[in-house]
Amino acid sequence: MNSESPIDRLAKGLNRLPGVGPKSARRIALDMLTWDTEEVRRLADLMVDVKTNVKSCTVCGNLGLTDPCSICDDSRRDRTLLMVVDTVANLLAVERTAHFRGVYHVLGGRLSPLEGVSPEDLNLASLPDRIAGGEVQEVILANEPTVEGDATAQYLSQLLAGAPVEVTQIARGLPVGSDLALADQVTLSRALEGRRQL
Amino acid sequence: MHLSRLKLTDYRNFDRTTVELPVEGIAISGQNGRGKSNLLEAIFFLAIAKSARGAQDRDVVRWGAQSFVVEGSIIRQDVPIELRVAFDSQQQKKKAFVDGEPLPRVSGIVGQFNAVLFSPEDVDLVLRTPAERRRLLDILISQSNPSHLSDLETYRRVLAQRNRLLKDEGHRLRVDSSQLDAWDSQLAEAGARIVSDRLATLSFIEARACSFYQRISSEAQALSLAYRGAVASSAADARFSDLLDALRSRREDEIRLGHTLSGPHRDHLVFQLDGRPVHKFGSKGQMKSALLSWKLAEAVYLEAHTGHQPVLLMDDVFSELDASRASSVLELVDDFGQVVLTTARDPDLDIREGRYGVVDL
Chain A
171 MNSESPIDRL AKGLNRLPGV GPKSARRIAL DMLTWDTEEV RRLADLMVDV
221 KTNVKSCTVC GNLGLTDPCS ICDDSRRDRT LLMVVDTVAN LLAVERTAHF
271 RGVYHVLGGR LSPLEGVSPE DLNLASLPDR IAGGEVQEVI LANEPTVEGD
321 ATAQYLSQLL AGAPVEVTQI ARGLPVGSDL ALADQVTLSR ALEGRRQL
Chain B
0 MHLSRLKLTD YRNFDRTTVE LPVEGIAISG QNGRGKSNLL EAIFFLAIAK
50 SARGAQDRDV VRWGAQSFVV EGSIIRQDVP IELRVAFDSQ QQKKKAFVDG
100 EPLPRVSGIV GQFNAVLFSP EDVDLVLRTP AERRRLLDIL ISQSNPSHLS
150 DLETYRRVLA QRNRLLKDEG HRLRVDSSQL DAWDSQLAEA GARIVSDRLA
200 TLSFIEARAC SFYQRISSEA QALSLAYRGA VASSAADARF SDLLDALRSR
250 REDEIRLGHT LSGPHRDHLV FQLDGRPVHK FGSKGQMKSA LLSWKLAEAV
300 YLEAHTGHQP VLLMDDVFSE LDASRASSVL ELVDDFGQVV LTTARDPDLD
350 IREGRYGVVD L
C-alpha cells in the first residue's frame, strides 16, 4: 500500500521538472486541484503528445515531428555551413535570429567530469561522418561561453583537426545595447581581442 | 576613502550596533570577549563580502538569529556610498547592495570599499600556511583588479573539472588523453594571467614592505618576498606555453596520482629575512613585524592602484611588540588615512595622546 496522498505523489512528480523545488511543486499540485478537469486533461494530453510525437533527429540531434528534422530536410539550407550548439534551446535561439542559413549539430550537453559527462554522453559520434560526407566546408563552434562550453569547443577542435574543413568559433564580446562602462573586465578584454577592422 | 558609519545586525556577538567613525580613525578598547576583533572583521566584510577569518557565512550569524546584515556608509572622494551585505541562513543566500541596488553577484562588491586588515591571529596562520599566503596575495590583487577574481574563479572551476577527470578516468587517459587537452589550455590561460598578476603585484609590495620592515624593526635584517612556481621565472609572454609544457611534462604522474601537479594553485610565496624563511627561523616579533610590513605595503598598493586611500584595520597590533617597535608602528600608521585600531584595556601606549578618539566597547 502506498501511504502517500495523491497530492504528494503529483508534487514529487512535478519536483522532477527543472527549476521546480519541492515547495513550488506542492504549490503547483494544489493549484491544479482548482482547475477544471478538462483543463487538467488537456495539459496531460499535451505532455503525452509531446513525448509520443516529438523525435530526436538522427542527423543533427534537433527535436521535431519528423526525422530528419525540418531543418535537415530543408533543401534551401546551406549544407556547407555546420553550426555546433550545446542544446536544442540554443539552436532555437540561433534560429530566432533568422540570420543563419546553414545546418546544425546539437551535442545535447557539455563536457563536465564533475557531473559525469564525458564525450560518449554527447552526440559526437556522428559528427566526423557528417563532415566526411564532403559537403561541409566550415564548422562553426557556438558552445556556451562557460568553462565547460570552452572545454567542449576545445575538444571538438582537436577532434576535427585533421578534417578538411575550416573550424571557427563565434565571437565573444559586448552585448548590444549594453553600457560599456558596466561590462566586466573579462568580457571587455575578450571583446578587445576579437576586434576587427572597419 | 573612509567609513563614516557601521551598522551591524545579528553579526557575531552584536545584535544591533551602530558605530560612528571619525575621518581620522578611532581606537576601540575593551576587555577580551567584547567583540573588538568581530567589529574589524565586520568592517572587512564590506571589502570582500566574506569573513576575513575564513568563517562560513552561517557561522557569522549571531547565535539564535537567522540572518545577519552589515551596512557601511563610506565616503569616497566626497561621494557618500551605502554598502550592505546581508546573509540569510534559511535560504542560504547572500546579497550585496550598493546604494540600495542589489548586485547581480555578491563578489561584485569587491573593489567598492578598500580596507587592509591586520590581525595577530593571522601571523601564525598566514606565515605558516602556503595556501593562506597565496590567498593573502590574491585577495589584495582582486581588490584593485576584479578580473583577477574572475580568473581565479575560472581557474578553480577548470582545476576541479580536470582533477575529477584525472581521478575518475585515469585508466582511459593513459590510452587517450585528448579529454585532458581540452581542459589544459583554459587552465594554462587563466593560470598564466594569475601568475603574471601575482608577480607584478609582488614586485611592488616587496619594495615597500622591505622599507616598512626596516622602520618597524631596529635590526638590520632585510625582508624579501620570494615567489616560486612552475613558470615564475618565465618571460611574461611565454608563461602560457610554459605552463602548458609543465602540465604536459608531468602528465603520467598526474594520471597516476589523480590530480593536477603544477600551476598557480601549487606556487609558493615565501617571506624571508636575509634570505631565510621567516616562518622557520623568525621570532614571534619578527614574524609579526614581517606581516605588518606586508599589510602597510598593501595599503600603499591599494592607494596607488585604485586612487583611494584604504582604511587600515589594526587588530591588537601592539601585543608582542616591544615598546620601540610599537611606537614605530604608531608613527608609521600616522601617514595613512582612516585607521581603526583595537587595544586591550591596559594600554601601555598612550594612544589617547595621538589623533585617535577612544571608544569603549
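As you go down the protein sequences, you meet chains A and B in turn. Under this note's numbering, think of the first position of the first sequence as 171, with each following residue one higher. Under this note's numbering, think of the first position of the second sequence as 0, with each following residue one higher. Backbone N, C-alpha and C define an ideal beta-carbon position, used for all residues, glycine too.
The C-alpha of A/HIS275 is placed about 30 Å away from the C-alpha of A/LEU184. Membership of B/GLN185 in any beta strand (DSSP E) is not indicated; the residue belongs instead to the alpha helix (DSSP H) covering 177-215. Pairing A/GLY343 with A/ARG360 gives a Cβ-Cβ distance under 8 Å. For the pair B/LEU360 and B/PHE117, the CB atoms are not nearer than the 8 Å cut-off. Listed by position along chain B, the residues whose Cβ is nearer than 8 Å to that of A/VAL317 are THR153, ARG156, VAL157, GLN160 and GLN185.
Contact of B/SER146 with chain A is assigned, a C-beta pair being separated by under 8 Å. Judged by beta-carbon spacing, B/ARG227 lies within the 8 Å limit of B/ASP266, meaning their Cβ atoms are closer than that value. Restricting attention to A/GLY347, A/ARG249 and A/SER173, the CA atom closest to the CA of A/GLY303 is found in A/ARG249.
For B/PRO101, the beta-bridge partners assigned by DSSP are B/PHE96.
Straight through space, the alpha carbons of B/GLN220 and B/VAL84 are spaced by roughly 42 Å. Rounded to the nearest angstrom, the Cβ distance from B/THR259 to B/LEU165 is 7 Å, consistent with a contact under 8 Å. Linking A/LYS225 to B/LEU301 through their CA atoms gives a straight-line distance of about 58 Å. What A/SER282 touches in chain B, judged by beta-carbon distance under 8 Å, is GLN160, going in chain order. Under the 8 Å Cβ criterion, the segment 304-315 of chain B counts as touching the segment 106-124 of chain B, having at least three qualifying pairs. Note on geometry: alpha-carbon atoms of B/PRO276 and B/SER288 lie some 14 Å from one another. A/PRO289 has a beta carbon lying within less than 8 Å of a beta carbon in chain B. A/ASP256 is not a Cβ neighbour of A/LEU233, given a cutoff of 8 Å.
Identification of chain A residues near B/ASP236 by a Cβ-Cβ cut-off of 9 Å yields none; the smallest Cβ-Cβ distance measures about 15 Å. Residue contact with chain B for A/ALA214: absent (no Cβ-Cβ distance below 8 Å to any residue of chain B).
Its Cα nearest to that of B/LEU2, the residue B/THR17 stands out among B/THR17, B/TYR10 and B/THR8. By the Cβ neighbour-count rule, B/ASP236 is exposed, with fewer than 16 other Cβ atoms within 10 Å of its own. At a C-beta separation below 8 Å, A/ALA321 has these neighbours in chain B: VAL157, GLN160, ALA181, TRP182 and GLN185. Secondary structure at A/VAL190: coil, using DSSP grouped into helix, strand and coil.
For B/GLU70, the three-state secondary structure derived from DSSP is strand. According to DSSP, residue pairing for B/TYR226 in a beta bridge involves B/LEU268. The secondary-structure analysis by DSSP pairs B/ALA114 across a beta bridge with B/VAL310. A straight line joining the alpha-carbon of B/VAL358 with that of B/SER28 spans about 6 Å. For B/GLY356, the enclosing beta strand (DSSP E) has its first and last residue at 356-359.
Here A/ALA214 carries a helix assignment [DSSP, helix/strand/coil]. Residues of chain B whose Cβ lies closer than 9 Å to the Cβ of A/GLN328 are, in chain order, SER177, ASP180 and ALA181.
Nearest CB-CB separation between A/ASP354 and chain B: below the 8 Å threshold. A/SER226 carries a strand assignment under DSSP once its states are collapsed to helix, strand and coil. When beta bridges are read from the DSSP output, B/ALA85 appears opposite B/VAL68 and B/LYS94. Under a criterion of Cβ atoms nearer than 8 Å, the residues of chain A adjacent to B/LEU164 are, in order, PRO283.
At a cut-off of 8 Å between C-beta atoms, A/GLN339 does not count as an interface residue with respect to chain B.
Taking one beta carbon from each stretch, the segment 256-266 of chain A and the segment 134-148 of chain B have fewer than 3 pairs nearer than 8 Å; the two do not touch.
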